[in-house]
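Residue numbering for the sequence shown follows this note's numbering, beginning at 1046 and increasing consecutively. Backbone N, C-alpha and C fix where the C-beta goes; we use that ideal spot for every residue, glycine too. For clarity, every value in this text was computed on a predicted model and none was experimentally measured. Data block below; observations after.
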Amino acid sequence: MSSRPDSTMSQVTRRALSAKAEQFTESVIREMTRLALKHNAVNLSQGFPDFAAPAEVKEAARQAIADDINQYAITWGAKPLRDAIVEKFERTQGIRVDPEREITVCCGSTEAMMSSMMAIINPGDEIVVFEPFYENYGPDAILSGATPRFVKLRPPDWSYDEKELEAAFGPHTKAIILNTPNNPTGKVFTRAELEFIRGLCVRWNAFCITDEIYEHILYDGAEHISMARIDGMRDRTIVINGMSKTYSVTGWRVGWAIAPPEATESIRKVHDFLTVGAAAPLQQAGAIALHSPQSYYDKLAKDYAARRERLLKILTGAGFTVFLPRGAYYIMTDISRFNFPAEQFPAGTRDVSFAKFLVEQVGVAVVPGSSFYNEARDGASQVRFTFCKKESTLAAAEERLSHLAEHIARR
Ligand SMILES: Cc1ncc(COP(=O)(O)O)c(C=O)c1O
C-alpha cells in the first residue's frame, strides 16, 4: 500500500468526520476530573459523590445479579422499576402516570434527555435554554439538530428577565429546557416562575423538557415543583430524572423520561436504537431504591445542607464571592475579587486560567464558569465547586485553599 502525504491524510480524515461533532469539545467537567487525577488534586469539579451508596440499594443490585436478572430488560424499562417510578412520582408530586405508555427507562438521565430531544426535534426547530446551563444541553442541541436560544439567569438570585424570556419564544420554538433544582446555580424555580413559563409554552405550543435530577437536594425550605404539576402542562411536559444523584450511584447509569403517550412512543423508538436498555440488574435495584422511606430523602437533604455550610465557609474564608444555592450540590463563585494581573489571566479566559492554576498549583479541581455559557466571556469571572464529597475531602480542600492567597502572591 502506498503511503500518502500527511496533509492528504488529514484532509481525508477531516472529510470523514461529522460536522455536528466538530461543533463541540469534550466535556470540560469530565476533563477536570482527569486533570485532578493527574495532579493529585482534591476533586471538587465533577458532581459525583465520593461517599458510599446506601447499603440496601447495593445489596439489591447484588441480589439481582445472583437471581440471574442478567439479560436485556424490556427496552423501555423493567416493569418493577417503571411501577416504582409511577408510585414515587405520585407520592412526591401528586401526578399519576401510566407505566405502560408514559415512561422510558434510559442509560442515565443523560440518555433520557438526548432521546427526548431527538424524539421531538425537526430541522428548523428552536429550543429555549436558560444559561448558565448544565454543559450537556449544548451538544444535545447540536446532535438533535435544534437551534438554541439562550436566556440569562442573573446572579445573585439567578432570576430571569420576563421580557427576555418572552422574546426567546416564537413560532419555531419546539421546547424549553428547564433544570430545577439547577446545576450550576443552585436555583430552585418558584411556582410563579413556572407559571410564567407555562404561559409561553401554551402560547407557542411548545414542550417543556425538565431535568429534575436534584429534586430531593433542597435547602432552607425550598420546594421542588415539577413542571408537570403546573395546570395545563401535564400533556406538554417531559420530566427527566434518574438514580444518579438521589441514591449516590452516578456510575450505574439508570435514568428515565416521563412523557405523554405520543411523545413516549417516539422517545422509546430513539432509545431502543441508541442503547436498547439500561443495565437490567441495576434497574431491579432501582425499584428497591425508589421505595426508600421519606426518612431517607430527609437525611439526604440534611447531610447535603451540612456539606453546603462547610464549603460555603471554606470558600468565603479563601476569598471567593459565593452565590448561595437553594438546591443541588454546587456553589457558583465569582473570582473577580482576586484581581489577577491581566497579562497572566486575560479577561475572557480568566476562569480557565484560574481553574488550571487551582488544579496545578493549589491542588483543587473546579469547573471554569465558561463551560456553562454559550459565550465563554459570560462565565469568565466564575468557577463552580461541588460539595457532594465526604468530610475528609472537604477538609483537604480547606487546607489547600487556606494557602490560596500565598499562591496568588507568589505568581
Ligand atoms: C442537571 C444534570 N442533569 C443530568 C446529569 C447527569 O445525570 P445522569 O447521571 O443521570 O446521566 C447531571 C450530572 O451532573 C446534571 O447535573
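Own chain residues within Cβ distance below 7 Å of residue i, not counting five before or after
i     : result
C1253 : A1220, I1221, L1223, I1242, C1246, M1272, M1278, R1281 and T1282
E1180 : S1072, V1073, I1074, S1416 and F1417
A1442 : V1087, L1089, I1359 and V1409
L1327 : A1106, W1297 and V1299
W1301 : G1122, I1130, I1148, T1149, V1150, C1151, A1157, N1286 and G1287
I1275 : L1239, E1240 and R1243
H1084 : V1404, E1405 and G1408
A1308 : A1164, I1165 and I1283
D1317 : T1120
K1065 : I1187 and L1188
T1137 : none
H1452 : Q1406 and V1407
Within 8 Å, strictly: CB atoms of residue i and residue j
i     : j     : result
D1375 : T1431 : For the sequence presented, residue 1375 should be read as Tyr rather than Asp. It is a contact, given that the beta carbons lie within the stated cut-off.
E1176 : F1195 : yes
H1217 : D1170 : yes
Y1259 : G1331 : no
L1319 : E1156 : yes
F1368 : T1235 : no
L1357 : V1407 : no
R1382 : G1362 : no
P1338 : R1353 : no
A1164 : I1312 : yes
A1425 : T1394 : yes
I1303 : V1284 : yes
N1092 : C1433 : For the record, residue 1092 in the displayed sequence is Gly; it is not Asn. Going by C-beta atoms, G1092 is nearer than 8 Å to C1433.
L1345 : H1261 : yes
M1162 : A1400 : no
A1325 : N1115 : yes
Supposed contact pair residue j and residue i - C-beta distance, whole angstroms, cut 8 Å
i     : j     : result
Q1427 : I1380 : 7 Å
L1198 : K1232 : 6 Å
F1125 : Y1292 : It should be pointed out that residue 1125 corresponds to Pro in this sequence rather than to Phe. About 16 Å; that fails the 8 Å criterion.
F1069 : P1200 : Contact doesn't hold; Cβ gap of about 25 Å is too wide.
Buried or exposed (CB count within 10 angstroms, at least 16 for buried), residue i
i     : result
S1047 : Confidence is the limiting factor: at S1047 the pLDDT is only 36, short of 50, which leaves the residue's position unreliable, though a coordinate-based value still follows. Exposed, by the Cβ-count rule.
K1435 : exposed
D1396 : buried
D1113 : exposed
R1049 : Caution applies to R1049, whose pLDDT of 43 falls short of 50 and renders its modelled position unreliable; the value that the coordinates give is listed next. By the neighbour-count rule (16 or more Cβ atoms within 10 Å), R1049 is not buried but exposed.
Y1117 : exposed
S988  : The question about residue 988 has no answer here: the residues shown for the chain are numbered 1046 through 1456.
R1422 : exposed
F1096 : exposed
S1340 : exposed
P1413 : buried
V1321 : exposed
G1215 : exposed
N1227 : buried
P1306 : exposed
A1323 : buried
S1160 : buried
R1456 : exposed
W1203 : buried
D1348 : exposed
A1450 : exposed
R1429 : buried
L1263 : buried
P1470 : Coverage of the chain is limited to positions 1046 through 1456, which leaves residue 1470 absent and any answer about it impossible.
A1213 : buried
A1061 : exposed
S1063 : exposed
Cutoff 6 Å; reference residue i; Cβ partners in own chain excluding five residues on either side
i     : result
K1290 : I1258 and Y1259
G1355 : Checking the sequence, you will find Arg at residue 1355 rather than Gly. Within the same chain, R1355 has close Cβ partners L1439.
A1191 : I1166, D1170 and I1172
V1174 : Y1182, P1193, F1195 and I1222
I1333 : A1105
R1141 : E1135
L1210 : V1196
V1102 : Y1292, A1330 and A1334
V1294 : A1098 and M1288
K1133 : L1335
8 Å CB neighbourhood of residue i in its chain, flanking five on each side removed
i     : result
D1128 : P1144 and A1332
R1248 : F1214
Closer than 6 Å to ligand 1: residues, by C-beta to nearest heavy atom, in chain order: G1092, G1153, S1154, T1155, Y1179, N1224, N1228, D1256, I1258, G1287, S1289, T1295 and G1300
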